[in-house]
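For the sequence shown, the working numbering assigns the number 196 to the initial residue and increments by one for each residue that follows. In this text, a Cβ means the ideal position worked out from N, Cα and C, and glycines have one as well. Below: the structure, in structure tokens.
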Amino acid sequence: MVLLGLSSCKKTINEIDYPFTEIKSFTVPAVNGGELSIAIDQNTLTLYWPGYTNIPDSIAPVIVVAERAKISPASGKKVALKDGLTYTVTAQNGTSASYKLKVVNNQAPPQLNDESPLATKQYDQINLNGRVNYLIPDLEKTKAYLVDGSGQEIRLMIVDLGRTALNLFVDTYDQTNLPAPGKYKLKIVTGDKSVRSKTDFITINKADFAPPYIFNPSAQPIKVKRGTRVTLPFRNLSGNTITLISLDGFNILDIVSVAADGKGLVVDIPTEHSTGEFYLPTVYYDHEATKISGSLVSPRSISPIIITE
Numbered sequence: 196m197v198l199l200g201l202s203s204c205k206k207t208i209n210e211i212d213y214p215f216t217e218i219k220s221f222t223v224p225a226v227n228g229g230e231l232s233i234a235i236d237q238n239t240l241t242l243y244w245p246g247y248t249n250i251p252d253s254i255a256p257v258i259v260v261a262e263r264a265k266i267s268p269a270s271g272k273k274v275a276l277k278d279g280l281t282y283t284v285t286a287q288n289g290t291s292a293s294y295k296l297k298v299v300n301n302q303a304p305p306q307l308n309d310e311s312p313l314a315t316k317q318y319d320q321i322n323l324n325g326r327v328n329y330l331i332p333d334l335e336k337t338k339a340y341l342v343d344g345s346g347q348e349i350r351l352m353i354v355d356l357g358r359t360a361l362n363l364f365v366d367t368y369d370q371t372n373l374p375a376p377g378k379y380k381l382k383i384v385t386g387d388k389s390v391r392s393k394t395d396f397i398t399i400n401k402a403d404f405a406p407p408y409i410f411n412p413s414a415q416p417i418k419v420k421r422g423t424r425v426t427l428p429f430r431n432l433s434g435n436t437i438t439l440i441s442l443d444g445f446n447i448l449d450i451v452s453v454a455a456d457g458k459g460l461v462v463d464i465p466t467e468h469s470t471g472e473f474y475l476p477t478v479y480y481d482h483e484a485t486k487i488s489g490s491l492v493s494p495r496s497i498s499p500i501i502i503t504e
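Below is the structure:
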């Protein structure tokens with residue numbers, strides 16, 4: 196009888212749905228293998244992007260929320276990286292809270308530290324290594340321009356680019372506006388920041404002739420296997436005879452002929468050629484009218500020449 200009495204007094208405890216909608220952590224995997232943590236302040240998620248890397252178009256953050264809550268978009272889902280992106284956390288009991296993303300670019304503005312005079316000529320290089328700082332080493336993010344006395348900007352081609360390095364080639368990507376002889380200011384745009392020289396410290400002199408060089412204007416790389424034939428896109432072939440081509444400074448390509456349209460050179464890739472991506476091939480040439488022989492490191496193409504097995 197006692198046991199029956201105790202049993203009849205036992206109550207059923209109903210489980211309460213959790214009401215919690217907090218985001219406990221929000222991290223973004225970084226390109227270098229590390230991760231970036233987001234500052235969470237009430238309903239704002241602030242991402243401080245370091246200035247030494249490019250801000251990507253998208254992220255796939257790893258998110259931890261309160262127990263038994265769900266978040267949308269889900270943790271690990273790739274999303275466009277932009278201000279105002281909204282995350283919604285829904286608690287087990289149906290309560291929800293929204294969080295908005297704020298992206299802060301910690302990129303330092305580019306610096307031009309030295310405006311002592313520089314003189315070069317058309318189709319030659321402008322070496323600014325050591326004169327610049329805080330550049331993003333990405334051809335899509337960093338651009339350089341000569342600025343003439345009227346304020347016209349002429350975008351130059353890039354040979355080499357680093358955080359503190361910039362080597363330019365005095366020609367344009369579309370060949371529509373070769374800089375005329377004269378004095379120019381320099382403008383550099385990197386990411387969403389820019390710098391412009393105070394003085395016209397760069398002097399461009401007239402070239403004796405237009406030397407030949409390799410340039411791939413396409414967004415698609417030139418892919419070719421070792422031991423096969425390919426046509427390399429050239430500029431200024433007319434009036435020049437190509438005597439030697441090297442993609443890497445070591446291996447030499449076998450020259451076959453000038454392409455039918457006069458805008459390329461047909462070459463054979465040796466079977467022993469090194470594999471990889473090549474952006475800065477060297478061209479040796481003889482200029483027919485002046486009898487001058489020379490060599491030229493081609494400016495960096497939009498896309499590389501890729502040699503495979």
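Please check the pair S490 and Y474, which I expect to be a contact at CB under 8 Å, by giving their CB distance rounded to whole angstroms.
About 17 Å separates the beta carbons of S490 and Y474, which is beyond the 8 Å limit, so they are not a contact pair.
If you follow the beta strand (DSSP E) that L460 is in, where does it begin and where does it stop?
Counting along the chain, the beta strand (DSSP E) containing L460 begins and ends at 459-463.
Pick from Q317, G357, E483: whose alpha carbon is nearest that of I349?
If we check each option's Cα against that of I349, Q317 comes out closest.
DSSP three-state label for N411, please.
It is coil, neither helix nor strand.
Look at the Cβ atom of V260, then the Cβ atom of I218, and state whether they are nearer than 8 Å.
Contact flag set, yes.
Would you call G279 buried or exposed, if buried means 16 or more other Cβ atoms sit within 10 Å of its Cβ?
Under this definition G279 is an exposed residue.
Would you mind giving the Cβ-Cβ distance between I502 and S469, rounded to the nearest angstrom? I have them listed as a contact below 8 Å.
Right, their Cβ atoms sit about 7 Å apart.
So E230 is in the beta strand (DSSP E); what residue range does that whole segment cover?
Start and end: 230-232.
Evaluate the contact criterion for the segment 388-398 versus the segment 303-320: three or more CB pairs, one atom per stretch, below 8 Å.
By the C-beta criterion, the segment 388-398 is judged to be in contact with the segment 303-320, since at least 3 inter-stretch pairs fall below 8 Å.
Go through its chain and collect everything with a Cβ distance to K420's Cβ below 6 Å, but skip five positions before and after it.
Within the same chain, and ignoring the five residues on either side of K420 in sequence, the residues whose Cβ sits closer than 6 Å to its Cβ are T503.
With DSSP collapsed to three states, give me the class of R495.
In the three-state scheme derived from DSSP, where H, G and I count as helix and E and B as strand, R495 is classed as coil.
Would you report the Cα separation of S203 and G289, rounded to the nearest angstrom?
Any reading at S203 must be qualified, since the residue scores a pLDDT of 49, below 50, and its modelled position is unreliable; the value itself is stated next. If you take the alpha carbons of S203 and G289, they lie about 34 Å apart.
Three or more C-beta pairs closer than 8 Å, one from the segment 352-368 and one from the segment 414-429: is that the case here?
No, because fewer than three Cβ pairs between the segment 352-368 and the segment 414-429 fall closer than 8 Å, the two stretches do not touch.
In angstroms with no decimal places, state the Cα-to-Cα distance between K458 and M352.
About 19 Å.
Taking C-beta to C-beta, are A255 and K277 nearer than 8 Å?
Against a cut-off of 8 Å, the Cβ pair of K277 and A255 comes out as no contact.
Could you tell me which uninterrupted beta strand (DSSP E) segments, each at least 3 residues in length, are contained entirely in the segment 257-302, listed from first to last along the chain?
Correct list: 257-260, 265-267, 281-285, 291-301.
Note the first and the last residue of the continuous beta strand (DSSP E) segment covering D355.
Per DSSP, D355 is one residue of the beta strand (DSSP E) stretching across 352-357.
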